[in-house]
Amino acid sequence: MKAKGKNILLTIVTLCLSLFVLFTVQPTHHTTAYAADDSLQKIKDRGKIVMATSPDYPPYEFQVSKNGKSRIVGMDVDIMKQVAKDLGVKLEIKSMSYDSVLVAVETGKADVAMSGINPTAKRRQSVDFSEIYYNGGQSFLINKTDVGKYKNKAALAHKKIGAQTGTLQYNLAKSKIPGATVKGMDKNTDLVLALKTHKIDALGIETPSAEAYVKNDHDLAMIKSGYHLNKNETGSAMAFKKGSGTLAAAVNKSIDKIKAKHMTTQYLADAGKYMKVNTTNTSMIHYWTYFAKGIEYTLLISAISVIFGVLLGTILALMRFSKSKLLHAISVAYVEFVRGTPLMVQVMFVYFGVGIIVNLPALLSGIIAVSLNSGAYVEEIIRGGINSVDKGQTEASASLGLAKSDTMRFVVLPQALKNIWPALGNEFVSLVKESSIVSIIGVTDLIYQLNIVRADTYRGVMPVFVAMCIYFVMTFILTRVLNYFEGRMKHAK
Amino acid sequence: MQNKPLVEVKKLQKNYGDTEVLKEIDGTVMPGQVICVIGPSGSGKSTFLRCLNMLEKPTAGQVLFEGKDTSKFSEEELTTLRERMGMVFQSFNLFPNLTVLDNLKLAPIRVKKMSDKEAEDKALSLLKRVGLEEKANVYPSSLSGGQAQRVAIARALAMDPEMLLFDEPTSALDPEMVGEVLAVMKELAEDGMTMVVVTHEMGFAREVANEVWFMADGYILEKNKPNEMFEHPQNPRTKDFISKIINS
Ligand SMILES: Nc1ncnc2c1ncn2[C@@H]1O[C@H](COP(=O)(O)OP(=O)(O)O)[C@@H](O)[C@H]1O
Ligand SMILES: [Mg+2]
Numbered sequence: 001m002k003a004k005g006k007n008i009l010l011t012i013v014t015l016c017l018s019l020f021v022l023f024t025v026q027p028t029h030h031t032t033a034y035a036a037d038d039s040l041q042k043i044k045d046r047g048k049i050v051m052a053t054s055p056d057y058p059p060y061e062f063q064v065s066k067n068g069k070s071r072i073v074g075m076d077v078d079i080m081k082q083v084a085k086d087l088g089v090k091l092e093i094k095s096m097s098y099d100s101v102l103v104a105v106e107t108g109k110a111d112v113a114m115s116g117i118n119p120t121a122k123r124r125q126s127v128d129f130s131e132i133y134y135n136g137g138q139s140f141l142i143n144k145t146d147v148g149k150y151k152n153k154a155a156l157a158h159k160k161i162g163a164q165t166g167t168l169q170y171n172l173a174k175s176k177i178p179g180a181t182v183k184g185m186d187k188n189t190d191l192v193l194a195l196k197t198h199k200i201d202a203l204g205i206e207t208p209s210a211e212a213y214v215k216n217d218h219d220l221a222m223i224k225s226g227y228h229l230n231k232n233e234t235g236s237a238m239a240f241k242k243g244s245g246t247l248a249a250a251v252n253k254s255i256d257k258i259k260a261k262h263m264t265t266q267y268l269a270d271a272g273k274y275m276k277v278n279t280t281n282t283s284m285i286h287y288w289t290y291f292a293k294g295i296e297y298t299l300l301i302s303a304i305s306v307i308f309g310v311l312l313g314t315i316l317a318l319m320r321f322s323k324s325k326l327l328h329a330i331s332v333a334y335v336e337f338v339r340g341t342p343l344m345v346q347v348m349f350v351y352f353g354v355g356i357i358v359n360l361p362a363l364l365s366g367i368i369a370v371s372l373n374s375g376a377y378v379e380e381i382i383r384g385g386i387n388s389v390d391k392g393q394t395e396a397s398a399s400l401g402l403a404k405s406d407t408m409r410f411v412v413l414p415q416a417l418k419n420i421w422p423a424l425g426n427e428f429v430s431l432v433k434e435s436s437i438v439s440i441i442g443v444t445d446l447i448y449q450l451n452i453v454r455a456d457t458y459r460g461v462m463p464v465f466v467a468m469c470i471y472f473v474m475t476f477i478l479t480r481v482l483n484y485f486e487g488r489m490k491h492a493k
Numbered sequence: 001m002q003n004k005p006l007v008e009v010k011k012l013q014k015n016y017g018d019t020e021v022l023k024e025i026d027g028t029v030m031p032g033q034v035i036c037v038i039g040p041s042g043s044g045k046s047t048f049l050r051c052l053n054m055l056e057k058p059t060a061g062q063v064l065f066e067g068k069d070t071s072k073f074s075e076e077e078l079t080t081l082r083e084r085m086g087m088v089f090q091s092f093n094l095f096p097n098l099t100v101l102d103n104l105k106l107a108p109i110r111v112k113k114m115s116d117k118e119a120e121d122k123a124l125s126l127l128k129r130v131g132l133e134e135k136a137n138v139y140p141s142s143l144s145g146g147q148a149q150r151v152a153i154a155r156a157l158a159m160d161p162e163m164l165l166f167d168e169p170t171s172a173l174d175p176e177m178v179g180e181v182l183a184v185m186k187e188l189a190e191d192g193m194t195m196v197v198v199t200h201e202m203g204f205a206r207e208v209a210n211e212v213w214f215m216a217d218g219y220i221l222e223k224n225k226p227n228e229m230f231e232h233p234q235n236p237r238t239k240d241f242i243s244k245i246i247n248s
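Structure (structure tokens):
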């Protein structure tokens with residue numbers, strides 16, 4: 001009977017949590033359906049247009065460092081600067097993973113997504129697009145040693161073709177090359193690596209990108225795709241939130257001007273110059289500032305998250321031991337829910353989902369998500385620690401007349417914390433590794449920096465290796481430091 | 001000796017789920033009395049003690065403290081009950097995260113709202129009384145068993161209780177340390193402390209106890225003066241048990 005009542009309560013709390021989730025997501029549909037179109041006016045009032053982009057796609061957008069400072073450059077950035085100038089507003093660039101840029105405009109994190117995006121019919125269902133601002137055409141990258149073998153598209157039949165997942169190139173390779181096995185990956189840098197290690201035979205990619213790679217890597221060559229394509233789907237366009245007609249119209253005016261004056265030619269040439277400067281020195285030491293910044297953010301996120309995780313975990317553990325069935329059920333439901341969903345989804349939910357209500361910056365969102373996640377795991381550790389304290393301690397304390405809360409505070413928790421110190425240390429170490437997921441929303445942690453360096457240097461493996469070593473050194477040192485303190489705590493007792 | 005009982009136990013019953021641990025216990029403790037409880041392991045002696053200070057809630061029957069039903073006590077009255085009825089455990093249960101001094105000070109400060117200074121003076125004088133003032137600032141892990149149990153007694157005394165419950169206070173000790181703990185307990189008894197002691201130390205029982213209760217199968221099968229109990233046990237179960245502890 002009692003167990004049953006607890007289950008019902010648990011179900012109710014879980015349902016409430018789910019409803020909250022639904023509730024927070026709901027407003028998007030309403031606002032898009034009924035709100036008047038003030039998309040342009042809002043930007044003008046604010047004096048700033050926010051662009052979401054994934055800067056690992058030269059020459060469209062990529063990151064360069066100059067005097068230790070890194071910034072995002074490329075044709076897309078130049079076009080957007082022109083657009084901002086025409087609108088009379090400033091430009092702010094938010095960088096994030098390619099998967100996230102469209103979500104960013106859908107949820108209002110950015111006004112425009114611009115990342116060499118092809119306006120496919122499917123994407124048109126969820127966002128509005130501008131006119132095509134550039135049509136670079138489709139090509140294949142191949143190994144130079146294969147130039148004789150793969151002279152044209154027909155020669156690629158029944159071969160392994162790589163392409164970025166979810167892109168036009170991916171769909172084209174699937175539908176237009178007979179018998180091809182299409183291998184999808186997230187990043188062109190990974191795909192180029194796959195090509196060079198002969199895991200794939202060719203890589204479907206936009207012509208300007210292909211040209212950039214060929215220019216910077218002498219082992220690569222390119223062939224034109226020879227696809228016959230509808231120009232409206234194959235070029236690149238900017239994406240807006242649905243119902244941004246006024247904004248789209250204003251942007252289209254700028255695009256028309258840019259096209260008429262053939263300004264993209266100049267933009268591409270400028271991007272090419274950056275790429276030249278950028279690739280003269282591809283040694284990893286040259287990029288140490290990138291890695292250093294990555295380490296700083298990774299440690300920052302982990303340290304803050306572990307502190308809040310311990311606070312939250314303690315509260316959740318106390319709730320679980322509390323007499324109130326409601327508090328108990330909330331704690332159980334929270335822990336089950338968080339443990340039952342991937343950290344990546346939680347990070348995206350906090351940034352994009354909660355972002356509908358309060359606009360949280362990426363770093364803060366990342367810290368919040370990782371802390372909330374860690375809290376659930378720390379709760380389990382602390383609960384284990386509390387259970388590990390001998391029952392005689394609680395009894396002795398009660399026999400002296402101490403209140404339950406005092407017993408917890410002065411007797412049980414101090415002993416529990418001491419018992420779980422090694423487990424908490426492990427949690428911190430694993431946070432250092434797992435917090436890497438925040439790179440998807442553009443937090444400049446080590447993984448994010450690693451991808452920038454890869455895109456920047458056209459070197460696939462070396463940056464990964466360096467990052468791996470850095471992660472290992474960090475966790476190794478951390479483990480030693482924690483062991484040292486653990487030893488000292490043992491002696492101190 | 002006053003004539004009003006300090007504790008009265010009436011038809012006390014305690015079940016854990018389907019197991020009936022205490023079936024029907026009756027007994028009276030007068031102020032200043034020392035009662036020794038003996039009986040085979042698992043007969044419910046610890047459970048009985050824990051029902052006296054309400055660490056366990058009786059399933060049926062009553063425990064009256066100064067005539068008042070303890071099962072109806074509010075949180076506040078429970079606190080007062082436990083202030084007045086201290087307990088000493090077989091495994092000491094000192095708080096390992098606190099120094100000896102802080103073990104003694106914690107409850108007076110948190111429960112009696114004593115000032116730090118007052119609690120410290122009291123703690124030091126109690127440590128002196130059990131002969132351990134030089135151990136004030138060490139942690140319990142560095143104490144021997146006998147020292148730890150004397151500290152535990154001092155910790156219980158820091159609340160100025162009128163009555164103390166002892167649950168096999170010397171069973172976990174090496175033989176050479178039993179004496180020092182029993183000596184402290186004997187002194188307490190001589191000073192008039194009311195005590196209920198679960199113990200198999202027959203020498204102590206003979207010398208100090210006013211009554212010995214024999215528990216088995218959830219009942220108190222026999223109550224008697226120590227000498228009577230040990231020399232002329234009436235109940236066959238008592239006879240059997242006493243011959244066993246004498247021969248061990
Ligand atoms: N919390 C509990 N839950 C279930 N059974 C218990 C619990 N505490 C004690 N018991 C059982 O009650 C019986 C009496 O235990 P106890 O009072 O410790 O006996 P004694 O102190 O005389 O050795 C034992 O059989 C024991 O297993
Ligand atoms: Mg016992």
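Chain order of the listed sequences is A and B.
The UniProt record's numbering numbers the first residue of the first sequence as 1 and each following residue consecutively.
The UniProt record's numbering numbers the first residue of the second sequence as 1 and each following residue consecutively.
No residue lacks a Cβ here, since even glycine has one placed at the ideal position from N, Cα and C.
Assign residue i to one of three DSSP states: helix, strand, or coil.
| i | result |
| --- | --- |
| A/V389 | coil |
| A/A202 | strand |
| A/T31 | For A/T31, the predicted structure reports a pLDDT of 43, less than 50, and the residue's modelled location is therefore unreliable. A value from the coordinates is still provided. Of the three classes helix, strand and coil, the one that applies to A/T31 here is helix, per DSSP. |
| B/A74 | One detail in the question is off: residue 74 of chain B reads as Ser in this sequence, not Ala. Correct three-state label for B/S74: coil. |
| B/I245 | helix |
| B/A119 | helix |
| B/F95 | coil |
| A/N188 | helix |
| B/N224 | strand |
| A/V25 | Its pLDDT being 48, under 50, A/V25 is placed unreliably in this model, and the value from its coordinates should be taken loosely. Helix at A/V25. |
Are there any heavy atoms of ligand 1 lying less than 8 angstroms away from the beta-carbon of residue i, as far as the coordinates show?
| i | result |
| --- | --- |
| B/V88 | no |
| B/S43 | yes |
| A/T394 | no |
| B/Y219 | no |
| A/P422 | no |
| B/P58 | no |
| B/Q163 | Reading off the sequence shown, one finds Met at residue 163 of chain B, where the question assumed Gln. It does not: the Cβ of B/M163 is nowhere closer than 8 angstroms to a heavy atom of ligand 1. |
| B/M54 | no |
| B/G32 | no |
| B/G39 | yes |
| B/G61 | no |
What whole-angstrom Cβ distance do residue i and residue j have, given they're in contact under 8 angstroms?
| i | j | result |
| --- | --- | --- |
| A/L141 | A/V192 | 7 angstroms |
| A/K183 | A/G162 | 5 angstroms |
| B/V208 | B/A189 | 5 angstroms |
| A/I420 | A/G385 | 4 angstroms |
| A/L482 | A/G425 | 4 angstroms |
| A/V105 | A/K253 | The pair is not a contact, with the Cβ atoms about 20 angstroms apart (cut-off 8 angstroms). |
Any heavy atom of ligand 2 inside 8 angstroms of the beta-carbon of residue i?
| i | result |
| --- | --- |
| residue 321 of chain B | No information on residue 321 of chain B is available, as it lies outside the stretch 1 to 248 that chain B covers here. |
| B/E168 | yes |
| B/S91 | no |
| B/S46 | yes |
| B/V21 | no |
| B/V196 | no |
Run down chain C in chain order and give the residues with a C-beta less than 8 angstroms from the C-beta of residue i.
| i | result |
| --- | --- |
| B/L55 | Structure shown: chain C not included; protein chains present are A and B. |
Three-pair Cβ contact test at 8 angstroms for the region 129–138 of chain B versus the region 41–60 of chain B:
no
At what residue ranges does the region 171–200 of chain B contain a whole run of the alpha helix (DSSP H), taking only runs of 4 or more?
175–190
With three or more C-beta pairs closer than 8 angstroms as the rule, is the region 367–374 of chain A touching the region 299–310 of chain A?
yes
Three or more C-beta pairs closer than 8 angstroms, one from the region 197–214 of chain B and one from the region 166–174 of chain B: is that the case here?
yes
At a cut of 8 angstroms, does the region 71–86 of chain B reach the region 394–414 of chain A through at least three beta carbon pairs?
yes
Between the region 128–144 of chain A and the region 257–264 of chain A, can you find at least three pairs of beta-carbon atoms closer than 8 angstroms?
yes
Contact the region 237–255 of chain A vs the region 162–179 of chain A: 3+ CB pairs below 8 angstroms
no
Would you be able to state if there are at least three C-beta pairs under 8 angstroms between the region 187–201 of chain A and the region 110–121 of chain A?
no
State whether the region 97–104 of chain B contacts the region 117–132 of chain B, with contact taken as three or more CB pairs (one from each stretch) at a distance under 8 angstroms.
yes
Between the region 429–443 of chain A and the region 295–302 of chain A, do three or more beta carbon pairs fall short of 8 angstroms?
yes
Assess, as a yes-or-no matter, whether the region 51–67 of chain A is touched by the region 95–102 of chain A under the definition of 3 or more beta carbon pairs within less than 8 angstroms.
yes
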